[in-house]
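The sequence shown begins at 624 in our numbering and counts up by one.
C-beta: ideal position from N, C-alpha, C; glycine also.
Step one of this worksheet: look at the structure below.
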Amino acid sequence: MNHCKTIAIVNQKGGVGKTTSTVNLGVGLAKAGNRVLLVDDDPQNSLTICLGTSNPDNDLDTTLATAMYAEIQDEPVPWEDAIIHNSEGVDLLPANIELSGVELSLFNAMSREQVLKSVLNRVKDRYDYILIDCMTSLGLMTVNALVAADSVIIPSQPNFLSTKGLNLLIRTISRVRRQINPRLKIDGILMTMVDSRTNNAQKIIASLRSTVGGSIRVFDTEIPRSVRAAEASGVGKSIFAFDSKGKVAQAYANLTKEVMELAKESDRSRPDSAR
Ligand code: ADP
Ligand code: MG
């Protein structure tokens with residue numbers, strides 16, 4: 624039996640394709656035969672909306688917030704029925720506005736960085752991959768995701784990529800790795816919304832590959848910009864269901880292969896991999 628790989632999709636910058644990549648990589652992994660849980664770790668709940676719950680504040684009583692409060696208060700509240708089975712083969716642990724209160728409660732919680740990890744540990748054995756869609760911040764919620772994760776994928780638009788932002792993110796990841804989660808790896812930087820018509824994007828990507836490429840992978844796959852990607856989330860579908868023959872679906876299928884290859888590599892290098 625494979626062990627479950629948990630991947631945090633992180634960038635403190637908004638609008639870079641975190642949620643879109645979580646949905647499409649998640650569905651890509653599920654289509655490749657994996658059991659997948661997507662976690663909406665953002666009180667703005669775009670992931671929950673993207674997967675078809677149009678009004679999470681009204682429609683959902685049990686969410687990730689319920690699960691995290693149960694952990695914080697150390698009270699066994701049943702929350703597993705919060706998990707929504709999506710028609711495209713992924714499970715979702717959804718969020719709504721209640722999650723915005725959780726971050727405050729975390730400050731006084733015991734082991735406040737470990738709450739999400741404890742939540743996910745309860746369901747981990749049912750999945751091959753858990754993808755955490757992080758909020759646009761490097762606050763305590765994101766630190767919880769980094770503590771729960773085995774690895775990180777950093778989506779970024781080429782023209783949104785700032786060295787300052789990337790350095791800050793990498794410093795946060797290194798700190799979590801040193802202090803709490805030594806096994807945390809960076810799977811790579813994923814270039815999103817790449818405009819093939821401008822060569823400016825290609826210049827930025829080439830310069831990124833030559834500067835950080837030695838220490839941090841930049842995925843071979845680049846996600847092209849296409850209105851189809853935005854339209855798909857508007858109707859609560861992945862790009863595979865919405866425009867299966869399009870270039871964005873092809874790109875996310877390629878990314879899925881790269882991610883599965885990385886998981887295989889790290890499985891092989893695990894000390895207990897002789898199974
Ligand atoms: P984040 O989660 O980082 O804030 P989103 O995934 O929500 O970013 O994406 C930001 C916006 O860009 C959304 O409106 C989304 O539909 C759109 N978008 C995402 N990927 C693409 C793409 N490949 N091409 C065009 N638009 C995209
Ligand atoms: Mg988002």
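CB-CB length for residue i against residue j, believed under 8 Å
| i | j | result |
| --- | --- | --- |
| Asp680 | Asn719 | 5 Å |
| Val713 | Ala653 | 5 Å |
| Thr765 | Leu722 | That pair is no contact at about 12 Å. |
Three-state class that DSSP yields for residue i in the structure shown
| i | result |
| --- | --- |
| Ser889 | helix |
| Asp663 | strand |
| Met814 | strand |
| Ala732 | coil |
| Arg898 | Low confidence applies to Arg898: its pLDDT is 39, below 50, so where it sits in the model is not reliable enough to give any reading. |
| Met624 | Residue placement at Met624 is flagged as unreliable, the pLDDT there being 45, under the threshold of 50; a coordinate-derived value is accordingly withheld. |
| Thr629 | strand |
| Leu743 | helix |
| Gln713 | First, the amino acid is wrong: residue 713 is Val here, not Gln. It is a strand residue. |
| Arg658 | coil |
| Ile809 | strand |
| Thr676 | coil |
| Gly640 | coil |
| Val775 | strand |
| Val650 | helix |
| Glu698 | coil |
| Glu721 | coil |
| Tyr752 | strand |
| Thr795 | helix |
| Asp684 | coil |
| Asp843 | strand |
| Ile862 | helix |
| Ile828 | helix |
Residue i CB to nearest heavy atom of the ligand MG below 7 Å
| i | result |
| --- | --- |
| Asp890 | no |
| Lys636 | no |
| Asp665 | yes |
| Ser669 | yes |
Residue i CB to nearest heavy atom of the ligand ADP below 7 Å
| i | result |
| --- | --- |
| Lys641 | yes |
| Val775 | no |
| Ile755 | no |
| Ile720 | no |
| Val659 | no |
| Met814 | no |
| Arg820 | no |
| Ala732 | no |
is_contact[residue i, chain C] using C-beta, thresh 8 Å
| i | result |
| --- | --- |
| Phe783 | No chain C appears in the structure shown, which is made up of a single protein chain. |
Three or more C-beta pairs below 8 Å linking the region 688 to 704 and the region 640 to 651: no
Would you say the region 803 to 823 touches the region 844 to 851, given that touching needs at least three Cβ pairs under 8 Å? yes
Any chance the region 626 to 638 sits against the region 765 to 784, with 3 or more Cβ pairs inside 8 Å? yes
Three CB pairs or more closer than 8 Å across the region 774 to 790 and the region 725 to 745: no
How do the region 832 to 845 and the region 803 to 812 stand: do at least 3 beta-carbon pairs fall below 8 Å, yes or no? yes
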